[in-house]
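Colleague: Be aware that the sequence shown starts at 1, since it is given in our numbering, and climbs by one per residue.
From the three backbone atoms N, C-alpha and C, an ideal C-beta is built for every residue, glycine too.
Quick caveat: nothing in here was measured; it's all calculated off a predicted structure.
The structure's right below; bear with me while I get my questions together.
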Amino acid sequence: DLYLIKKPLWFQVQPWQNTTQLETFQSGLNAFYSKPHNAYGRTLTNADINSGDKFYAGQHMDGKWYRVKVNATIDENTVAAKIVDFGDFTMIPLENLQPLWPQFRKLPMQSVNASLAGIPFKIASQYTWLLFFPLTFSDIVAANGDWTAEDTVWFSKRVVNSQFVSRIKDVIFDSLEENVRITLSLVDTTHPTTDI
């Protein structure tokens, strides 16, 4: 079972069976990094960020700490990062980054890139996700043969923040993002007699 946490065609899923483990992990991460005596001792610099390690603890604008992967430097004070357990992208000031200590590296990243089975990964960035073209034999196809904005809104309302049983159809290693992507079929089991 997977938990759908993003919008259609190109979205993020989390393993449902790890929900409690992730909640406990997040609680411990926040407790540790919220204590001033656990702070690194100085603000990280662009030189630190560009030295090789891409994974840090980052304090989001909501005040909570998350594991993040730094993707790019925006300016001398800000980086672009992905929250690896939830799939969100954010900008974080360097003063809100801390080294990710070993005790917070044991749990695998909980956010997994996914696509509906039969829809190819033709995405250049998070901003071009509407450029997917469904194949004839997709598990889910748009009513008009292509995903319109209305199709996407309909799909989002039906699935975002909902739990589904999932059938993984394919696993693809994305060397560009150094991450795994899966293609899957979603099954809604909430109806008492019929799986959809």
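For Pro-120, I'd like the list of residues in its chain whose CB is within less than 6 Å of its CB, leaving aside the five on either flank, ordered along the chain.
Modeller: Position 120 of the sequence shown, counted from the first residue, corresponds to residue 120. Bear in mind that the predicted position of Pro-120 carries a pLDDT of just 47, short of 50, making it unreliable; the figure below should be weighed with that in mind. None.
Colleague: Would you check if the distance between the CB atom of Lys-69 and the CB atom of Ala-81 is smaller than 8 Å?
Modeller: Walking along the sequence shown from the start, residue 69 turns up at place 69. Walking along the sequence shown from the start, residue 81 turns up at place 81. The answer is yes: Cβ separation under 8 Å.
Colleague: Answer with buried or exposed for Thr-190, where buried requires no fewer than 16 other C-beta atoms within 10 angstroms of its C-beta.
Modeller: Here residue 190 refers to the residue found at position 190 of the sequence shown. By the neighbour-count rule (16 or more Cβ atoms within 10 Å), Thr-190 is not buried but exposed.
Colleague: Where does the unbroken beta strand (DSSP E) through Arg-181 begin, and where does it stop?
Modeller: Walking along the sequence shown from the start, residue 181 turns up at place 181. Arg-181 -> beta strand (DSSP E) spans 179-187.
Colleague: Thr-73 lies in the beta strand (DSSP E); which residues open and close that run?
Modeller: Here the question's residue 73 lines up with position 73 in the sequence shown. From DSSP, the beta strand (DSSP E) with Thr-73 extends over 65-75.
Colleague: Look up Leu-107 in the DSSP assignment and say whether it is helix, strand or coil.
Modeller: Residue mapping note: residue 107 aligns to position 107 of the sequence shown, counting from 1. If DSSP states are grouped into helix, strand and coil, Leu-107 belongs with coil.
Colleague: With distances taken from CA atoms, which of Ile-49, Arg-67, Asn-113 and Gln-14 is nearest Ser-175?
Modeller: Reading the sequence shown from its first residue, position 175 is the one you call residue 175. It is Asn-113.
Colleague: Quick one: what's got a C-beta closer than 6 Å to Tyr-127's C-beta in the same chain, skipping five residues either side?
Modeller: Taking the first residue of the sequence shown as position 1, residue 127 is located at position 127. Summary for Tyr-127: the model assigns pLDDT 28, below 50, so the residue's position carries little reliability, and this model does not support an answer.
Colleague: Can you name the start and end residues of the alpha helix (DSSP H) that Arg-158 belongs to?
Modeller: Residue mapping note: residue 158 aligns to position 158 of the sequence shown, counting from 1. Where Arg-158 is concerned, the enclosing alpha helix (DSSP H) stretches over 149-159.
Colleague: Could you give the first and the last residue of the continuous beta strand (DSSP E) run that contains Ala-80?
Modeller: As a first step, residue 80 must be located in the sequence shown, where it is residue number 80. Where Ala-80 is concerned, the enclosing beta strand (DSSP E) stretches over 78-83.
Colleague: Runs of 4 residues minimum, wholly inside the stretch 34-59: which ones carry the alpha helix (DSSP H) assignment?
Modeller: The stretch 34-59 contains these whole alpha helix (DSSP H) runs: 46-49.
Colleague: Give me the Cα-Cα distance between Gln-110 and Gln-14, rounded to the nearest whole angstrom.
Modeller: Position 110 of the sequence shown, counted from the start, is the residue given in the question as residue 110. Position 14 of the sequence shown, counted from the start, is the residue given in the question as residue 14. Going by the C-alpha atoms only, they are around 5 Å apart.
Colleague: Shortest alpha-carbon distance to Ser-162 belongs to which of Val-171, Asp-170, Asn-18 and Val-187?
Modeller: Within the sequence shown, numbered from 1, the residue matching residue 162 stands at position 162. Checking every option, the nearest Cα to that of Ser-162 belongs to Val-187.
Colleague: Please confirm whether Lys-54 and Asn-30 have their CB atoms less than 8 Å apart.
Modeller: The sequence position of residue 54 within the sequence shown is 54, counting from 1. The sequence position of residue 30 within the sequence shown is 30, counting from 1. No; because the gap between Cβ atoms is not below 8 Å, this pair is not in contact.
Colleague: Please classify Gln-98: does DSSP put it in a helix, a strand, or coil?
Modeller: Residue mapping note: residue 98 aligns to position 98 of the sequence shown, counting from 1. Strand at Gln-98.
Colleague: With a CB to CB cut of under 7 Å and the five nearest residues on each side skipped, what residues in its chain are close to Glu-76?
Modeller: Numbered from its first residue, the sequence shown carries residue 76 at position 76. Contacts found: Asn-46.
Colleague: Answer yes or no: do Phe-104 and Arg-158 have a C-beta to C-beta separation smaller than 8 Å?
Modeller: Taking the first residue of the sequence shown as position 1, residue 104 is located at position 104. Taking the first residue of the sequence shown as position 1, residue 158 is located at position 158. No.
Colleague: Excluding five sequence neighbours on each side, which residues of the same chain lie with their C-beta closer than 7 Å to the C-beta of Gln-199?
Modeller: The structure shown does not extend to residue 199, since the chain spans only 1 to 196, so no value can be given for it.
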